[in-house]
Every structure is written in structure tokens, then in C-alpha cells.
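Notes follow once the structure below has been shown.
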Amino acid sequence: MRKLLVLALVGLLAQLVDGSLGMGYGVTSSTLLLAGGLGPAAASAAVHLSEIGTSLVSGASHHAFGNVDWRTVGILALPGFVGAFLGATLLVRLDAAAAVPVVAALLLALGAYVTWRFLAAPRRLRFNPRPEAWFLAPMGLFAGALDAIGGGGWGPVGTTSLLSSGRLEPRKVVGSVDTAEFVVSIGGSLGFLLGLGSAGVSWAFAGALLVGGVVAAPLAALVVRHLRPRILGVAAGGVIVLTNLKTLADSLGASGITVALLASVVFTLWVLWIAWAVKLEQAVDAEATRYLPRGTPVVSRH
Numbered sequence: 112m113r114k115l116l117v118l119a120l121v122g123l124l125a126q127l128v129d130g131s132l133g134m135g136y137g138v139t140s141s142t143l144l145l146a147g148g149l150g151p152a153a154a155s156a157a158v159h160l161s162e163i164g165t166s167l168v169s170g171a172s173h174h175a176f177g178n179v180d181w182r183t184v185g186i187l188a189l190p191g192f193v194g195a196f197l198g199a200t201l202l203v204r205l206d207a208a209a210a211v212p213v214v215a216a217l218l219l220a221l222g223a224y225v226t227w228r229f230l231a232a233p234r235r236l237r238f239n240p241r242p243e244a245w246f247l248a249p250m251g252l253f254a255g256a257l258d259a260i261g262g263g264g265w266g267p268v269g270t271t272s273l274l275s276s277g278r279l280e281p282r283k284v285v286g287s288v289d290t291a292e293f294v295v296s297i298g299g300s301l302g303f304l305l306g307l308g309s310a311g312v313s314w315a316f317a318g319a320l321l322v323g324g325v326v327a328a329p330l331a332a333l334v335v336r337h338l339r340p341r342i343l344g345v346a347a348g349g350v351i352v353l354t355n356l357k358t359l360a361d362s363l364g365a366s367g368i369t370v371a372l373l374a375s376v377v378f379t380l381w382v383l384w385i386a387w388a389v390k391l392e393q394a395v396d397a398e399a400t401r402y403l404p405r406g407t408p409v410v411s412r413h
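Just add 111 to the spot in the sequence shown (first one is 1) and you have this note's numbering.
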């Protein structure tokens, strides 16, 4: 019973991060389940089954707050479903450990680019036209497969790629990726059920993660609705860098002390990056007030 309560708390915290920054639920939950002794396939199966519920509530919440671009969701969902189904089918039979450092290095580079893009951008952010199908469909296929194989990857790949493209404002990136994840979770779950059978799935663990995630989903969508694009982009970029730096260091055999030192340095830089993003947004507000008639009330958007 205590383990289930802990898992529910983990599901709550993981969904709060995932719903706010577009990534983190699968990686966080899978890591804990693996540490608890579940095999990779069983852990990923439990996570994907719980994500059917959490992503449904998260998507509905993001839609209610205007965080979803439905065209993007429509193009991403089907390739993501196919990729997750194929990835789940492969994971039952294969060891995907060799791909971990390669993917982590790629995401680390993309995370650094996302952070730099939002910090170095002009004070008033502008976003290009929405991404095309030729970009979204292959990304969805790859992200879905990686998500099933690694127990997490839909958010890191999808959110990172869309943020770095500059085609959608960050809140709609997060909302659209989270909403499309509902279909991806169904694809992964079907693959695991066919490969493992219902007896190979830890239903109690999946249920505990689901309960915590459902509680957190509406709150996370509310946070995204009111957070400035620059601050949200820098926050997401920092999470990408921090998590993938640790994954890469672990896969290359770095000692625990080395990993801790690297993480502490990156975390400190991340806090400074967010503080600088807040300062830039305050400068935009101050500049905007110069052109308002005297006595006009100013509403802060932080």
C-alpha cells in the first residue's frame, strides 16, 4: 500500500512537470518503476496505460485554457500511434540500451538550442507559420517509437523539436504535444498488451500513477496558460538539458560524484537563465507602459 501511495505522488509530480513543460512524465515514472524491480517492457507498459487517462485529462484541460493547436495534434497523433505501437512491439523482444546515449546527446544539443533561442531572441517574440506535415509526421513517428522503447520520449522529442522550430508559441507546443499523447499512449498500450499479455502488466502500479497524474493535469494546464512564452521556453530548455545530461553521463559510465557536480552546475545556470528571462519580460512591460496614456492601468502577464 505504501508503494502505491508513493507511486501516486510520483504520478502527480511527474504530470505537473509534464503538463507544464511538455515532458517528464514517462521518464520520471519509468525510472522509478525500473528502480523498483520491474523490467523495461513491464515498466513502459504501466506508464503508457496510466498515460491514457492522464493525457486525456491533460488534453481536455489544455483545450479549455486555449493551449492546443488542433491542426498540429491531428498531424502528430496518427504517426505517433504507429510509432508507439511498433516501438512497444520491438521492446518486448529487443534491448534498446545502445540507442540511449545517442538520443540523449541529440536532445541535449536541442535543449541547449531552445534555451539560447529564447534568451537571445528579440524582446518581442514572434513565431513563424505553423509547422508543415512533412516536419510533424516523421517527428511523431520517431517520438512515438522512442517513447515506447525508452519508457518516455514523446515529450522530450516532440516538445524540443517544436520549440526549436519556432513555429508555435511555447504554451501551444506544450498543450498540443500533451493532447496528441493520448493517441500515442493507446498505440503503445496496445503493443504491450499484445506482446506481454494482460498478465505481464502491473495494473496496480498503472492505476496509482493514473490517480496522481489526473489530479495534477488541470493545474499544469492553468500554469501554462498564464506563463510568458520566453519564461516557459527557457524553463523547458533547462529541463531538457538537465535530464539528458544526466542520462548521457550515466550511459557513459560517469561516477555518481561527477554526475552530481554536472547536474548542480547546470541547475544553477538554469535558475540564472530563468531569472534573466523574467528580467527581459519585465523590460518589455516597462517599455510598453511608456506608450500608454497616463493613468491607464497595466495588468501584469507573469
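All C-beta atoms, glycine included, are put in the ideal place defined by N, C-alpha and C.
Since the structure is predicted, the reported quantities are computational estimates derived from the model, not experimental observations.
Is it buried or exposed for residue i, if we count other Cβ within 10 angstroms and need 16 for buried?
{"i": "F378", "result": "exposed"}
{"i": "V294", "result": "buried"}
{"i": "L343", "result": "buried"}
{"i": "W245", "result": "exposed"}
{"i": "I297", "result": "buried"}
{"i": "K114", "result": "exposed"}
{"i": "L363", "result": "exposed"}
{"i": "K283", "result": "buried"}
{"i": "H413", "result": "With a pLDDT of 46 at H413, under the threshold of 50, the modelled position of that residue is not reliable, and no figure is offered here."}
{"i": "L187", "result": "buried"}
{"i": "L116", "result": "exposed"}
{"i": "A257", "result": "It should be pointed out that residue 257 corresponds to Leu in this sequence rather than to Ala. So L257 counts as buried."}
{"i": "R204", "result": "exposed"}
{"i": "L219", "result": "buried"}
{"i": "L144", "result": "buried"}
{"i": "S375", "result": "exposed"}
{"i": "V382", "result": "exposed"}
{"i": "G367", "result": "exposed"}
Under 8 Å by Cβ, that's how I've got residue i and residue j pegged, so tell me the actual separation to the nearest angstrom.
{"i": "T226", "j": "G349", "result": "6 Å"}
{"i": "R278", "j": "P242", "result": "4 Å"}
{"i": "I351", "j": "P281", "result": "Contact doesn't hold; Cβ gap of about 12 Å is too wide."}
{"i": "G324", "j": "Y136", "result": "7 Å"}
{"i": "G130", "j": "A328", "result": "5 Å"}
{"i": "T354", "j": "A360", "result": "Not a contact, Cβ separation roughly 11 Å."}
{"i": "L333", "j": "I260", "result": "Not a contact, Cβ separation roughly 32 Å."}
{"i": "L356", "j": "L373", "result": "6 Å"}
{"i": "G122", "j": "V322", "result": "7 Å"}
{"i": "R341", "j": "E392", "result": "6 Å"}
Of all the options the options, which has the alpha carbon lying nearest to the alpha carbon of residue i?
{"i": "L120", "options": "A319, L380, P329, V376", "result": "A319"}
{"i": "L304", "options": "A175, L247, L197, K114", "result": "L197"}
{"i": "A310", "options": "L383, L359, L221, A152", "result": "A152"}
{"i": "V345", "options": "A371, P329, L221, A365", "result": "L221"}
{"i": "L167", "options": "V389, E292, S375", "result": "E292"}
{"i": "Y224", "options": "V312, A386, T271", "result": "T271"}
{"i": "F229", "options": "E398, D396, A397, W387", "result": "W387"}
{"i": "L118", "options": "V288, A259, S275, S313", "result": "S313"}
{"i": "S172", "options": "A231, E398, D289", "result": "D289"}
{"i": "R336", "options": "N178, G302, V389", "result": "N178"}
{"i": "G302", "options": "D180, V193, L383, S366", "result": "V193"}
{"i": "G264", "options": "K390, V158, G367, P340", "result": "V158"}
{"i": "A365", "options": "D396, P212, I163, L383", "result": "P212"}
{"i": "L273", "options": "D180, A231, A199", "result": "D180"}
{"i": "V395", "options": "G308, T358, R339", "result": "R339"}
{"i": "G308", "options": "G170, A199, E162, V138", "result": "A199"}
{"i": "V384", "options": "V326, A231, G269", "result": "According to the sequence as given, residue 384 is Trp; it is not Val. Of the candidates V326, A231, G269, the one whose C-alpha sits nearest the C-alpha of W384 is A231."}
{"i": "E162", "options": "V326, A216, T358", "result": "V326"}
Under 8 Å between the Cβ atoms of residue i and residue j?
{"i": "A156", "j": "S141", "result": "no"}
{"i": "A175", "j": "G299", "result": "no"}
{"i": "A317", "j": "L160", "result": "yes"}
{"i": "G185", "j": "G251", "result": "no"}
{"i": "A347", "j": "L127", "result": "no"}
{"i": "T165", "j": "L247", "result": "no"}
Is residue i near the ligand NAD, in the sense that its beta carbon is under 7 Å from a heavy atom of that ligand?
{"i": "A332", "result": "By its list of ligands, the structure shown contains no ligand whatsoever, and the ligand NAD lies outside what it can speak to."}
Requested in this report: Only counting runs of 3 or more residues, tell me where the beta strand (DSSP E) segments fall wholly within the region 252 to 323, in order along the chain.
Outcome: Complete beta strand (DSSP E) runs here, min 3: none at all.
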